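These notes are about the structure you will find just below.
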Amino acid sequence: MFHFLLNKNLEQFKKTIKQIKGFEKKIKNFSDLELKQQTKKLKQELQSGLNLENIIPEAFATAKEAIKRATGLVLFDVQLMGGIVLHQGKIAEMKTGEGKTIVAILPAYLNALTEQGVHIITVNDYLAKRDSLLAHKIYNYLDITVGFVAQSLEYSERKKQYLCDVTYITNSELGFDYLRDNMAIDKKTIVQRNFYFAIIDEVDSILIDEARTPLIISGPSETITDKYEKSKEIAEKLNKNIHYEIDEKARNIILSEEGIAICEQILNLDNLYNINDSWTQYILNAIKAKELFLRNIHYIVKNNEIIIVDEFTGRIMEGRRWSDGIHQAIEAKENTKIQQENKTLASITYQNLFLLYKKLSGMTGTAKTEETELDKIYKLEVIEIPTNKPCQRKDLPDLVYKTEYTKWQAIANECFDMYQLGRPTLIGTTNVEKSELLASILDELKIPYNLLNAKPENIARESEIITQAGRKFTITISTNMAGRGTDIILGGNPNVMSKIVLINYIKHKLGLKINFDINSITKNILLILTKLNIATLQINKNTDIYEYIEQIINTPKHENKVDLSIYNTYQKILKNYNVIFTKEKGEVISLGGLYVIGTERHESRRIDNQLRGRSGRQGDPGSSRFFLSLQDNLLRIFGGNKISNLMQTLSIDENTPIESVILSKSLDSAQKKVESYFFDIRKQLFEYDEVINNQRQAIYAERKRILESTFTRDCIIEYGESTIDEILLIYEKQDNVHNKQILLGKIKKLLNITEEFNINILIEMSHDQIKSFLYEQLRITYDLRESYLEQLRPSLVRQLEKYYLLQQIDKAWQEHLEKMALLRESIGWRSYGQQDPLVEYKNEGFNLFINMVTYIRQTVVYLTMRSRLIINIET
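For the sequence shown, my numbering begins at 440 and goes up steadily by one.
Here's what the structure looks like:
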């Protein structure tokens, strides 16, 4: 029974799984009400002194029974093991098709019993929404609330979703909500609770791939410039390798002497690098837009707007913009409207965001190759969970062609052969352009295919395309398969297909826009659908039909006749598709299962493994092969000349691919170089952000203290006393009487002390006497100010204090971020002076932070003591 426990590392789970099964025998006889009461009982046990470890077996058995009742699925032992690993705050590496989504339900339920909130984080809205609907269906049996945070939600609704026991959310929404909460000017608008426990789906994609780019909230800057258009014109006149060079590894541009000279000549400048009127950044961005940011690869143009394509998932990222003027440079290149430059208001890296959790865990099909980084940065151990059935997929050797053209020909021919056989084939491409190139070749060969890439018209059909990718005679072209989240089931997925057909038929009859071919529905199923009375549906314009139908088909009992009719229709369609797809599955298995073709090695072996993992799920047969060329980016940039020289030496024909052990080793070596290179970039980003992170935590803690405070007077007095202390420290070091008089006069002015006193008498006093006197004067002056403002309007002074405190903290922090960014850019030059740039960055960053804190205190005290704004409000 425990065949997988031969591995010594997994032996520890045997005892717990046995206990879970013991509780399960008892719980399976419970009524639905008794099952619900288990949650209350387990919470009481925690309150009475037991810890989570004590109740794992009973809690997991309870959740397992709820899953069985809600979905009909009985969890395998390996899935229970995955749940235990997640609860322990580790990464469970589970292969594609092993049911990761369901596994997360177990540790989420257990940790939700603490009532501190559990976050399940996914890579996109589609998965978060889909998984939350499934969780809602299961947790209904357990009296656990489920939230889903969508991009469009208002703050009051967001707060409600975060207050649920388990909340599903994307990594970017979580980060932006965290930053927005720490920019709030009223504690009522804060939506998040303290971070307790998170389970990250596709953990490697989020913690590794996306960790190179920090999350930034920006606002329009005050400067508007026309330099982008001019820089675009200059970039068009400059030539590669003459006026500038491209560093493809670092994705950077280096201007040559000739390049600098021609730029200065066009702009009629003496110095291109003049600090008061610098053109360098604009010109470099224009060249980057021309050479490094390519249409239909890094971005698409939609409705005359530049929209970023996520390089890891192939999805478009609405509302996101590149920073540092890159987005404006691309807008100039594509002749679209150039929007205002932005300045950073708040930022955080994913590394520091996720380290805020008390306990963090994750699941993925591919993390083992990156376990060193996951351990070093996040202190996360990767545990490999065995598959329920042995993997039967055959990973065939790579084929390498001399040119890219012959490679694509070979891929098209392979697709043609597979189509003739009827074997389902999935082709993974690296970007939109390559996917459309292959599509055009298949058009010429008259081979039907489904195309899934970042283009909006294709994304709308995503679940339908993936659902049918395992059917006979199906050729599917897809950009990056990471985080697609839908299983490719051989023969087709009856559940998802039934849902798609039903929803699209209803939308079609209601006259709504659909991305689905109604004519593809079989006669039998169409006959079932025509009996559904669409006119009686309780649907208005604001109804989300997907959610409406999802809710109905996931609820077995219906009193409403219309809902019952939809439910019964779905069940009939499902029955039909079950018959069709089960028969087809047998035929596909006899053909060898799903065939996965990779068209280029990615920068990481892990992403290649994600693509391969789409084939051979749950013990199904399958195979994978990568078709490569010497002109592919990976081999060209990182592979060196070894392979190219080998092909030249052997005089290999362009149409003949090579397969060799030397080649495979060279490819692995190239990928390891890239992985190591990007790890260094992420590590450096983390180390530098660690400096700002400590400062960020201090600033955010201070903001939180002020926001939650009901009596901010103490804070103003504290700031005033600190300001007095700081100036007196400088005062003590002065020997010159005149300088001492100036400093005491500065304190008098700052604190708005109106009472006349002789500064010379103060100079004669000791340090402690001066300090006591000034503290007393601060309180007297503030009492007078407070009583005066209270007469104008009661309690207004407290609002004014809070406003000034938050306003000045935010303003100073934004300016500090700009200074730190400039420091970060220039600090690298210190290495030429035998100094460690990171150490220098820490030291100078600390000094900048101290100066900022001093500035905040002094400005807040000055404004609250002297502001005349309140008088104007009275009028």
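Quick reminder that beta carbons are idealized off the backbone N, C-alpha and C, glycines included. Quick caveat, the model's predicted, so the values are computed rather than measured.
Glu875 and Ser1068 look like a contact to me (Cβ under 8 Å); what is the Cβ gap, rounded to whole Å?
Going by Cβ atoms, the distance from Glu875 to Ser1068 rounds to 18 Å, so no, they are not a contact pair.
Between the alpha carbons of Asn743 and Glu770, how many angstroms are there, rounded?
9 Å
Have a look at the DSSP bridge pairing and note the partners of His558.
Thr606, Ala637
Which residue marks the beginning of the beta strand (DSSP E) containing Ala509, and which one marks its end?
Looking at the DSSP string, Ala509 is not in any beta strand (DSSP E); the run it does join, the alpha helix (DSSP H), is 491-510.
Taking C-alpha atoms, which residue in Thr788, Asn633, Asn934, Ile973 lies nearest to Tyr1016?
Asn934
Suppose contacts are defined by Cβ-Cβ distances below 8 Å. Is Pro863 in contact with Gly804 by that definition?
no
How is Glu823 classed by DSSP in three states: helix, strand or coil?
strand
Starting from the N-terminal side, write out each stretch of the beta strand (DSSP E) that is 3 residues or longer and does not extend beyond the region 1188-1263.
none
Candidates Glu1264, Glu989, Tyr1242, Ala849: which alpha carbon is nearest Met622's?
Tyr1242
DSSP three-state label for Ile904, please.
helix
Indicate the three-state DSSP secondary structure (helix, strand or coil) for Met520 in the structure shown.
helix
Compute the Euclidean distance between the alpha carbons of Gly922 and Ser1043, then round it to the nearest angstrom.
Residue confidence is low: Gly922 scores 45 on pLDDT, short of 50, so the model does not pin down where it sits. No coordinate-derived value is stated.
Can you tell me whether DSSP reads Ser717 as helix, strand or coil?
coil
Counting pairs of Cβ atoms below 8 Å between the region 864-883 and the region 1026-1040, do you hit three or more?
yes
Can you tell me which of Pro653, Arg1218, Asn791 puts its alpha carbon nearest to the alpha carbon of Trp761?
Pro653
Counting pairs of beta carbons, one from the region 790-803 and one from the region 477-494, are three or more of them closer than 8 Å?
Three or more Cβ pairs closer than 8 Å define a contact, and the region 790-803 falls short of that threshold against the region 477-494.
Could you check how far apart the C-beta atoms of Lys582 and Thr478 are, in whole angstroms? I think they sit under 8 Å.
One point to set straight first is that residue 582 is Asp, not Lys, in the sequence displayed. That pair is a contact at about 5 Å.
Relative to the C-alpha of Ile945, which residue among Ile973, Leu966, Gly931, Leu929 is closest?
Ile973
Under a three-way DSSP split, which group does Glu1042 fall into?
It is coil, neither helix nor strand.
Tell me whether Gly1159 sits in a helix, a strand or coil according to DSSP, three-state version.
helix
Would you please state the rounded distance, in angstroms, between the beta carbons of Gly930 and Leu784? I believe it to be under 8 Å.
With 8 Å as the limit, Gly930 and Leu784 do not qualify as a contact, their Cβ atoms being about 51 Å apart.
To the nearest angstrom, how far is it from the Cα of Arg1315 to the Cα of Thr906?
In the structure as shown, the chain begins at 440 and stops at 1314. Residue 1315 is therefore absent and cannot be evaluated.
To the nearest angstrom, how far is the alpha carbon of Gln631 from that of Gln600?
9 Å
Pick out whichever of Asn774, Glu684, Leu711, Ile755 has its Cα sitting closest to the Cα of Glu730.
Glu684
Whether or not the region 517-524 and the region 574-591 are in contact is what I'm after, with contact meaning three or more pairs of Cβ atoms, one per stretch, closer than 8 Å; do they touch?
Contact between the region 574-591 and the region 517-524 is absent: fewer than 3 CB-CB pairs across the two stretches fall below 8 Å.
In the region 804-885, which residue ranges form an unbroken alpha helix (DSSP H) of at least 4 residues, counting only runs that do not cross its ends?
As far as the region 804-885 is concerned, its whole alpha helix (DSSP H) runs of at least 4 residues are 810-817, 843-860, 871-883.
Since Ser1063 is in the beta strand (DSSP E), which residue starts that stretch and which ends it?
1060-1068
Count Cβ pairs between the region 1042-1056 and the region 533-551 that sit closer than 8 Å; are there 3 or more?
yes
Hey, out of Leu1213, Val605, Ser959, Ile957, whose CA is closest to Glu1157's CA?
Leu1213
Thinking C-alpha only, which one of Ile1202, Gln720, Thr719 is nearest Gly1184?
Ile1202
DSSP on Asn394, reduced to helix/strand/coil?
The structure shown has nothing for residue 394, since the chain only spans 440 to 1314.
Would you mind sorting Met440 into buried or exposed? The rule is 16 or more other CB atoms within 10 Å of its CB.
Since pLDDT at Met440 reaches only 39, below the 50 mark, its modelled position is unreliable, and no value is offered.
Have a look at Ile850 and Asn963 and give me their C-alpha separation to the nearest angstrom.
37 Å
Let's see if you can read the secondary structure: which residues bound the alpha helix (DSSP H) around Gly1037?
Not the alpha helix (DSSP H): Gly1037 falls in the beta strand (DSSP E), residues 1033-1037.
Residue range of the beta strand (DSSP E) that Ile693 falls in?
Annotation for Ile693: the continuous beta strand (DSSP E) segment containing it runs 691-694.
From Ala637 to Ile1266, what distance separates their C-alpha atoms?
36 Å
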